[in-house]
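Quick notes on the structure that follows.
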Amino acid sequence: MKISIEYTDSKEIEVLIRGGATNPEILQIVNALHALNAKTTNENQIIGTHNEATYILDLDTILFFESEGEIVSAVTSENRYRVKQRLYEINELVGETKFIQISKWCIANIKKIEKVELGINATMTVFFKDTNYRQVLTRSYMKHFKTKVLGG
């Protein structure tokens, strides 16, 4: 990999990546730049797209982040926004003060959780405030959830 830096008077940073269309390193570099951009946008915001428009989302408005295959979404009470980061990157970005991972595919906003119900086979379902959204709390995340959210 060759890295070139050109200094200009512009305050905006421009990144140009050249390489073969099938080079997997390009996708890794782009993902790292998106993660860096999200971190520098604002610690309480993340960039999401919906219907081909880009939005700056306040983390306080997000109910949960959900991964479905390669697609990661930020879900609010109004819409579902696609975000560029992977779930593990979002977990690092939001930390554990406002959000908690409740399954391999979901990170929930603690302040948006309305209730938790015990289901069949000792599963738990997390319900979110003022919406019909719910997510399954998987067993591997249950102990941490009980300690952090339920206080025991």
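Numbering of the sequence shown is given in UniProt numbering, commencing with residue 1 and proceeding in unit increments.
All residues carry an ideal CB built from backbone N, CA and C; glycine is no exception.
Contact defined as beta carbons within less than 8 Å: I believe residue i pairs with residue j. What is the distance between those atoms, to the nearest angstrom?
{"i": "Phe145", "j": "Ile102", "result": "6 Å"}
{"i": "Val72", "j": "Ile100", "result": "Between Ile100 and Val72 the Cβ distance is about 17 Å, and since that is not below 8 Å, they are no contact."}
{"i": "residue 167", "j": "Val136", "result": "The question about residue 167 has no answer, for the chain in this structure spans 1 to 152."}
Which residues in the same chain have their Cβ closer than 6 Å to the Cβ of residue i, if we skip the five residues on either side of it in sequence?
{"i": "Thr131", "result": "Ser77"}
What are the boundary residues of the beta strand (DSSP E) that residue i is part of?
{"i": "Leu59", "result": "Counting along the chain, Leu59 falls outside any beta strand (DSSP E), and DSSP gives it neither H nor E."}
{"i": "Thr97", "result": "It is not in any beta strand (DSSP E) - Thr97 instead sits in the alpha helix (DSSP H) that spans 87-98."}
{"i": "Val72", "result": "71-76"}
Between which residues of its own chain and residue i is the CB-CB distance below 8 Å, once the five residues before and five after are set aside?
{"i": "Ile62", "result": "Ile46, Ala74, Val75, Thr76, Asn109, Lys112"}
When the Cα of residue i is compared with those of the options, which residue comes out closest?
{"i": "Glu96", "options": "Leu59, Val72, Met124", "result": "Leu59"}
{"i": "Val15", "options": "Ile3, Tyr55, Thr22", "result": "Ile3"}
{"i": "Cys106", "options": "Arg18, Gly69, Lys129", "result": "Gly69"}
{"i": "Lys129", "options": "Glu114, Arg80, Val149", "result": "Glu114"}
{"i": "Arg134", "options": "Glu6, Thr125, Met142", "result": "Thr125"}
From what residue to what residue does the alpha helix (DSSP H) around residue i run?
{"i": "Tyr141", "result": "139-148"}
Cβ of residue i versus every heavy atom of the ligand ATP: is any distance shorter than 7 Å?
{"i": "Leu150", "result": "Looking for the ligand ATP in the displayed structure turns up nothing, as the structure carries no ligands at all."}
- Message: I'd like to know if the segment 114-127 and the segment 78-90 are in contact, where contact means that at least 3 CB-CB pairs between them fall below 8 Å.
- Response: The count of Cβ pairs closer than 8 Å, one atom from the segment 114-127 and one from the segment 78-90, stays below three, leaving the stretches out of contact.
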